[in-house]
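Have a look at the structure below before the remarks.
There are 4 protein chains.
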Amino acid sequence: MATDSTSGSRATGKLSSSTSELFGGLYARGGVSAAVGDEAWVQAMLDVEAALGGEPLRAEDIDIAELGREAADHASPVVPLAKRFPDTHPGATSQDIIDTAMMLIAKRALVPLLDDAGAAAEAAGRLAERHRETPVMGRTLLRDAVPTSLGLEAAGWMTAIDEACRAVRKVPLAVQMGGPVGRRDPTVAASVARRLGLAEPVLPWHTNRVRPAGLACALGLLAGALGKVARDVTLSDHLREGVPGRGGSSAMPHKRNPVAAVSVLACTRRIPGLVATMLASMEQELERAAGAWQAEWGTITDLLRLTGSAAAWARDLIEHLQVDAVAMLAAVGDEPDLGAASELIDRALEAHRR
Amino acid sequence: MATDSTSGSRATGKLSSSTSELFGGLYARGGVSAAVGDEAWVQAMLDVEAALGGEPLRAEDIDIAELGREAADHASPVVPLAKRFPDTHPGATSQDIIDTAMMLIAKRALVPLLDDAGAAAEAAGRLAERHRETPVMGRTLLRDAVPTSLGLEAAGWMTAIDEACRAVRKVPLAVQMGGPVGRRDPTVAASVARRLGLAEPVLPWHTNRVRPAGLACALGLLAGALGKVARDVTLSDHLREGVPGRGGSSAMPHKRNPVAAVSVLACTRRIPGLVATMLASMEQELERAAGAWQAEWGTITDLLRLTGSAAAWARDLIEHLQVDAVAMLAAVGDEPDLGAASELIDRALEAHRR
Amino acid sequence: MATDSTSGSRATGKLSSSTSELFGGLYARGGVSAAVGDEAWVQAMLDVEAALGGEPLRAEDIDIAELGREAADHASPVVPLAKRFPDTHPGATSQDIIDTAMMLIAKRALVPLLDDAGAAAEAAGRLAERHRETPVMGRTLLRDAVPTSLGLEAAGWMTAIDEACRAVRKVPLAVQMGGPVGRRDPTVAASVARRLGLAEPVLPWHTNRVRPAGLACALGLLAGALGKVARDVTLSDHLREGVPGRGGSSAMPHKRNPVAAVSVLACTRRIPGLVATMLASMEQELERAAGAWQAEWGTITDLLRLTGSAAAWARDLIEHLQVDAVAMLAAVGDEPDLGAASELIDRALEAHRR
Amino acid sequence: MATDSTSGSRATGKLSSSTSELFGGLYARGGVSAAVGDEAWVQAMLDVEAALGGEPLRAEDIDIAELGREAADHASPVVPLAKRFPDTHPGATSQDIIDTAMMLIAKRALVPLLDDAGAAAEAAGRLAERHRETPVMGRTLLRDAVPTSLGLEAAGWMTAIDEACRAVRKVPLAVQMGGPVGRRDPTVAASVARRLGLAEPVLPWHTNRVRPAGLACALGLLAGALGKVARDVTLSDHLREGVPGRGGSSAMPHKRNPVAAVSVLACTRRIPGLVATMLASMEQELERAAGAWQAEWGTITDLLRLTGSAAAWARDLIEHLQVDAVAMLAAVGDEPDLGAASELIDRALEAHRR
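Chains as they are written, first to last, in the working numbering: chain Y, 0 to 353; chain S, 0 to 353; chain L, 0 to 353; chain V, 0 to 353.
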C-alpha cells in the first residue's frame, strides 16, 4: 500500500471519539476509537477534497455539531461542507467523498487495530513457547476429555488471530470516484488514489459494495478469533487476569472478576449483527442507494471501534495472563501424554513468524 | 404504569447525547437521543440508587469521562459510582443498578419515541381520510398491477405503525433487584418499583433476559413498520417530500432527493442486526453473564436511538408528504374501480381511534 | 382462539418433514417438524382454498415435487396449484393463500411447540420445588460468588420459559385476504377466519408484516429462554443428563456428553439470525414485495422447526436432569444462607400456575 | 488446489437434496443443492474415513434416516456411522470427520456455484459490450439524475460478481485432523489432505473457526453482489426477463412478473442472518464447543444452497435479459453525454478476462 501523503498520521492522535464516554472504557478502548470519531471522519473528507485539488483544511477548524445539523437536510454531511468551502469541492459528489473517506478512515483505524491484534497474537505466541509442556485437562463439550498442552491452546489462539489479521490486511481499500452516476474519467480516481495512498479500483464502486462489506467480514473474523480467547479464559479457573487493582468486586472482596475477558466479549458479541447489516446493505439500488448506503456509515464506524476495542482488551488480557500450572497439573494427574503438542507448537510459531 | 416520581422528566430535556454529532442528524433525530445519552444513563443509575434509599444526586455533577475511565477496571460503571458515593449504594449490585437503570432509560425514551411514532400514524390517518378516493396504480413485485386507493396505502402504513406501537407499549418494564446472585428479599424490588414507576417482576431477572430482548423485538417491529412507509415513498415518483429547502442536490439543481425517507431507511436498516445481538445475548450464564450482559448496554442504547430517529424522521416525512394526484390518475386511467378501499379505510380509522 | 374446523389435527401427525434426515435428530426433534413440512404447507394452502369455498383436497394426493418444479416459473407454488384445481381457487391471489397458510402452519405448529415448552417449564418447576433448599455455589462472570439455591435457578428457568411462551401465545394469527392489491371486501376475510379458526385483521396485511415478524420475535424470545437453561447445564459439572445410553463418547468411554443441552444450543444459536431476516423482510414494497416476502417462507419454517426442536430437547433435558446435591454442598460449605430463595420460589410457582 | 481423488465428481450428480421440494424451485435451484444434501454429507464423511485408511463405502448403501435417528443420542452422526463400520474409523473423532467433510462439501458445492456465478458475470459482460452506448437515465436515491450507459451498469454487476467470486475462491479449504483435543500428529492431516485434494492447515482448527466463518463471509459477499443485480432489474421497467412462459400472473393476464429477479432476492435476503450465525459461532469453548459447532452444520449447508440457488437464478436472469433500448432513450432525450462510460467498460472487461 502506498504512503498516505496527507494528514493521516494525525488521525490516530487525539482526535475526539464520538461515542459514549460512560461505556467507552468497555466499547472504545485503544487507538481505534479516535481514528473513527467525528473529527477523524471530517478530516478524512477534507483530505479527499484536498486530494481532488482543493485547499487543505483542518477538521479542528470546523464546527462539527453545526455541520451535522445542516447535514440532516441533505442526508449527507458533504453538501454543507461543500457549501462552506466551495473552492475545495471541484465537482466531486457526496458519494465520492464519503466512500473514499470511509476507506481512508479504515486505513488509518487499521493501524492501531492491527497493532493491538498483532501484539495479542505475539503474547499468545510467548505463552505457547513457555507452556508447551504445561499439561491442562482438555475439555470437549465442556466436559473433561484427555490432557493437552496449555501452550497448544495458546498456539491455537495465536494462529486464529494471525489468520484473521491476514484477512483484514487483504481487504482492498480503494478510492471511489464515480461522479454523479459512476461514469467519471478514471484518471481522477488514479490521481486521488496516489495522493491518499489507497488502491485504484477497476471501476467506481458506488453501488458495488464488496469492499465495505468485505472489510466488515474481515473484522468479523478477527472479532470471532478474539472472542474465542476470551471465552476460554472465562471458562478456566486456572487462568487469571494479572493486572493489579482490576477486577475487584465491591460486594464480594474475595472475588476477582475476569474484566478484560468480559470486555472482549462485550465487544465481540456485538459484531455479527453489525456484519449482517453491512451484508444486507449490499443490495444498493441503481446508481446510488436510498437507505442502504447511508446505513453503512455508522455501522462501519461501530465495527471498527468495537473490533479495535476487542483487540486492545485482548492484548491486555493475553499479555498479563497468569497461569496456575500447579493446579492444572493436579487436575490432570502425573506425566500425561501430550501427543504431538510440541511439534504442533513449533509449526504454529514458524507460521506466525513468516 | 405508575408515575415516575424521580427526575425522569429531565431526561428528555437537554441531557447530552453520546453519539456522533456528524451523523447525528441522520441517526439521532428527535427526543430519544438525549434520553439515552451518557448523562441520561448516569441519571438513571443515580435515580435507582436514590430509590434504594440513597441520597438524590444529579448526573450533571458527575465527571462522566472520568467515571467511564474508572469503569474499565470493573467492566461496570456502577463500581466507581458506588465508590464515589458510598452512602448512596446500600448493598445493591452492579447488575441491579444497571438493569433497573436500563428499564428506566427505556421508559423515559419511549415517551418521545411513541409520541413521534403516534404522530406519524396520525398523519398517515389524515392521508387515508383525504385520499380515500385518490386512485393510484397498485404495484406488485414492482410491476403495475391494478389500481388501488392511495388512502388505503396510507391506512396500511397507519395500521402497521399502530400495531407495532402497541407491541412496544406492552413490553413489561420492571425493576431488577436480585442482589449478588438473585435471591434478594423481594420487598426491596417492590419498593424500588413503586418509587420509579416501574413494574415489579415475579423474580429477579438478572439472567432471564425476556424483558430487554422483548423490548428490542418490539422496537424492531416498529422500525420495520416505519421502513415500509419510507420504502414506498422512495418508490413513487408521485409522492414528494414537502419541506422547503430540503433535498436539493449540489451537483444536479433540478433534482429533489427524498431526504426524510432515506434517513428513515438509514436508521431502520440498522435495526435487525441489533435485535439479533439482543436475542443472542439471552444465553446468559448462571447468576451473571460474562460478556452477553455487557454487550446489551450499547446495543439497547443504539436500538432506542435509531428507532427514535426513524420515528422522528417518519413523522416529518408523512406530515409533509405531497401527493401529485393528477399524475397518479393519469397513470391509472379514468374512474378505476377501487373495490372495498373506502370501507377498509373506515375500519382502519376506527381501529386507530380506539 | 376459535376452533380449527378443517384438517389441522392431521398436521401434527405423520406428515413428512422437508428437512435433512441426517441432521434431523438435532434440528428437527419433536412434533413441530412434521407440522411445517412440505405436506403440511400444501395441506394448509388447500385448507385456505377450501375455506374460500373450494372443494376440500388432501395434500397426500398431490405430487409435491412436481408442484415445486412448476412453482419456479411463478415464484409461487399457488399458481400451479390453482391451475391444477381451477374450481378450488375462486379469485384468491398467491399472497392471500400463502399468507393465510403461513398463519395456519404457525397455529398448528405452535400446538406441539408450546406443549414441549410448557412441559419443560413444568419440569423446571418440579426441580424448583424439590431443590428449594439445595445449596449451589452461585457463579457470576463465571467465577464463584456466594451460594444460592439450585431450586431458585430452576425457578428462573421456568419463569423465563413461561414469559416467552406467553409472548408466543399472544401473537395475533390472522387471515390475510387482500386480493391482488389489498382492497378486497373484508367479509371474505371474516368468513375465512371463522372457518379456519384464525383471527380477522383490521386490514389485509399483505405488506404490513408485523404479524409474521412478531411471530419470529416471540419464537426468538422462547429460544433465548431455552438456550439459557442449556448453557447453565453445560457449565455445571454437578448437573448431568439422565437418559440411559445417551451421551457416550466413542473415543473416551469414561466421558458423558451433555447431548440434550448441546442439541438445544445447536438449535437456539441459529435463531437470532433468522429473526433478523424476518425483521429485515418487513420493508415490503407497495402492494407486494419483490423478494422480501418470498424470503419469509423458508425462514419462518426454519424458525418454527428449530424452536420446536429446542423445546423438545429442553423438555427432555429438564425432565431427566440429575442433580449431584452432595458435590454441590461440598463446594459451598455447611449451611449457607440462601436468603429469600424459598420465598422467591413460592412466588414463581404461584405465577407459573396462574 | 489438488485434485479430489475420491468420489467428489459423484457429489454434483443426482444425490438427493435434503431441503423442501415445495420451495426448492426458489431456494434450491442449480447444482449446489444436491452437492450439500444428506447423501452428499454422508458420502463426504465416508470419503474422509476412507482417506484415513478405512474401506471405501458408498452413501447410497446407508440408511440415512436411521443414521439420523441414532445420531440424536450423540449430537453427532459420526458415532453411529463409526459403530456401523468399525474398521473404517481408525481413531478419528467426530470433529475430525465432520469438519473435514464440511470442507469437502464446500469444495464440491463450489464447483457448480462458481460455474453459475461465473456464467452470470460472463452474461453481464456481454451486456456491457453490447450496450456500451445504450443510454439509460441514471437514478440516484431512486430519483432521476443524469444519463449513463446501460453497459456500464452491467459492467458494474460483472465486476462485483467477479470480485466476490475471487473472495470465494480464496477461502482456504483445509482438512481438520486434531484428534480428541487437537494434538494429533500432523502427518495424518498431511496425508488426508493429499488424498482429498484439500489444503493442509498449520494447526488443527477444531475451535479456530476462521475457515468456516470465512467461507460464510465470502458467500455473503457473492450473495450481496447477485442481489444488487436483481434489485436493479426489479426497479427498471425497461429491463424484462426473457424466458417464455415464465412470470405470467394468474389473476392479471397483462402482467409479466420478474420471477428470476424475485427468486434471486428471496435467496440473497436470507444470507446476512446466516452469516451472522456463523460469525457468532466462532466463540467455541476450549477443545470442542458445546452448541456453537453443532449450529454450523445446518447453517453452512443453507448458506451454500441459497447462494448457489441465487447464482443459478442470476445466471438465468442475466442470460435472458431483454432491454427496451427505445424506451430508455426516450426517457433520456437525444444524444446524452455518457462520459467515460465506454473507457470504463473496457477496463472492466479487461479485468474480467484476467
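The C-beta atom is built at its ideal place from N, Cα and C for all residues, glycine as well.
Contact with chain V by residue i, beta-carbon distance below 9 angstroms
i        : result
L/Val258 : yes
L/Ser32  : no
Residues near residue i by beta carbon distance below 7 angstroms, same chain, minus five either side
i        : result
V/Ser4   : The predicted model places V/Ser4 with a pLDDT of 43, which falls under 50 and marks its position as unreliable; any figure quoted below should be read in that light. Hits under 7 angstroms: Arg194, Gly196.
Y/Ala74  : Gln293
V/Ala311 : Arg28, Gly29, Asp115
S/Pro134 : Pro146, Ser148, Met327, Leu328, Val331, Pro335, Leu337
V/Glu199 : Ala173, Val174, Ala188, Ala189, Ala192
Chain S within 9 angstroms of residue i, Cβ atoms only
i        : result
V/Gly272 : yes
L/Gln389 : The requested residue 389 of chain L is not part of the displayed model; chain L covers only 0 to 353.
Y/Cys266 : yes
V/Val354 : The structure shown does not extend to residue 354 of chain V, since chain V is modelled only from 0 through 353, so no value can be given for it.
Where residue i falls, given that 16 or more other Cβ within 10 Å makes a residue buried
i        : result
L/Ala189 : exposed
Y/Thr300 : buried
V/Arg269 : buried
S/Gln321 : exposed
L/Gly7   : Because the pLDDT at L/Gly7 is just 37, under 50, the model does not fix this residue reliably, and the value given afterwards should be weighed accordingly. Under this definition L/Gly7 is a buried residue.
L/Ala1   : Residue placement at L/Ala1 is poorly supported in this model, since its pLDDT is 41, which falls under 50; the coordinates still yield a value, given next. So L/Ala1 ends up on the exposed side.
V/Leu348 : buried
L/Thr186 : exposed
L/Glu240 : buried
Y/His253 : exposed
Nearest neighbour of residue i, chosen from the options [CA to CA]
i        : options                               : result
L/Ala324 : L/Asp46, L/Leu149, L/Ala108, L/Leu51  : L/Leu149
V/Leu285 : Y/Ala217, Y/Arg142, Y/Gln94           : Y/Arg142
L/Ala313 : L/Leu225, L/Val209, L/Thr92, L/Leu66  : L/Leu225
S/Val167 : S/Leu220, S/Thr18, S/Gly297, S/Trp40  : S/Leu220
Y/Met176 : Y/Met102, Y/Pro243, Y/Cys266, Y/Arg83 : Y/Met102
Contact set for residue i: own chain, Cβ-Cβ below 6 angstroms, skip 5 residues either direction
i        : result
S/Gly12  : For S/Gly12, the predicted model reports a pLDDT of 38, less than 50, meaning its position is unreliable and no value from the coordinates is stated.
Y/Pro55  : Ala49
L/Lys106 : Leu172
L/Ala118 : Arg314
Y/Ser341 : Arg131
V/Val242 : His319
S/Ser262 : Leu25, Trp312
Residue-level contact to chain L via CB, residue i, 9 angstroms cutoff
i        : result
Y/Asp236 : yes
Y/Gly12  : Residue confidence is low: Y/Gly12 scores 38 on pLDDT, short of 50, so the model does not pin down where it sits. Its coordinate-derived value is still stated next. Closer than 9 angstroms: no.
S/His203 : Reading off the sequence, residue 203 of chain S comes out as Pro, not His. Interface residue, yes.
Residues of its chain near residue i, where Cβ-Cβ distance is below 8 angstroms and the 5 sequence neighbours each way are ignored
i        : result
Y/Ile63  : Asp37, Glu38, Val41
S/His129 : In the sequence on display, residue 129 of chain S carries Arg and not His. Gly150.
Contact with chain Y by residue i, beta-carbon distance below 9 angstroms
i        : result
V/Thr276 : yes
L/Arg255 : yes
S/Gly213 : no
> For the segment 84 to 113 of chain V, which residues have a CB atom closer than 7 angstroms to at least one CB atom of chain L, in sequence order?
Replying inline: Listed by position, the residues of the segment 84 to 113 of chain V near chain L (Cβ gap below 7 angstroms) are Thr92.
>> Along the segment 220 to 234 of chain S, where does the CB come closer than 8 angstroms to a CB of chain V? Name the residues.
In response: From the segment 220 to 234 of chain S, only Thr233, Leu234 have a Cβ closer than 8 angstroms to chain V.
> Listed in chain order, which residues of the segment 138 to 150 of chain L have Cβ atoms closer than 9 angstroms to some Cβ of chain Y?
Replying inline: Taking 9 angstroms as the cut-off between beta carbons, the residues of the segment 138 to 150 of chain L near chain Y are Thr139, Leu140, Leu141, Arg142, Asp143, Ala144, Val145, in sequence order.
>> Any C-beta of chain S within less than 9 angstroms: which residues of the segment 170 to 186 of chain Y qualify?
In response: Residues Gly178, Pro179.
>> Give me the subset of the segment 64 to 82 of chain S whose CB atoms are less than 9 angstroms from a CB atom of chain L, sorted by chain position.
In response: Those residues of the segment 64 to 82 of chain S that come within reach of chain L (Cβ to Cβ, closer than 9 angstroms) are Ala74.
>> Which residues of the segment 276 to 291 of chain S have a Cβ closer than 8 angstroms to any Cβ of chain Y? Give them in chain order.
In response: So the close ones are Thr276, Ala279, Ser280, Ala289, Gly290, Ala291.
> At a Cβ cut of 9 angstroms, what residues of the segment 321 to 340 of chain Y count as close to chain L, listed as they run along the chain?
Replying inline: When CB distances to chain L are screened at a threshold of 9 angstroms, not a single residue of the segment 321 to 340 of chain Y falls below it.
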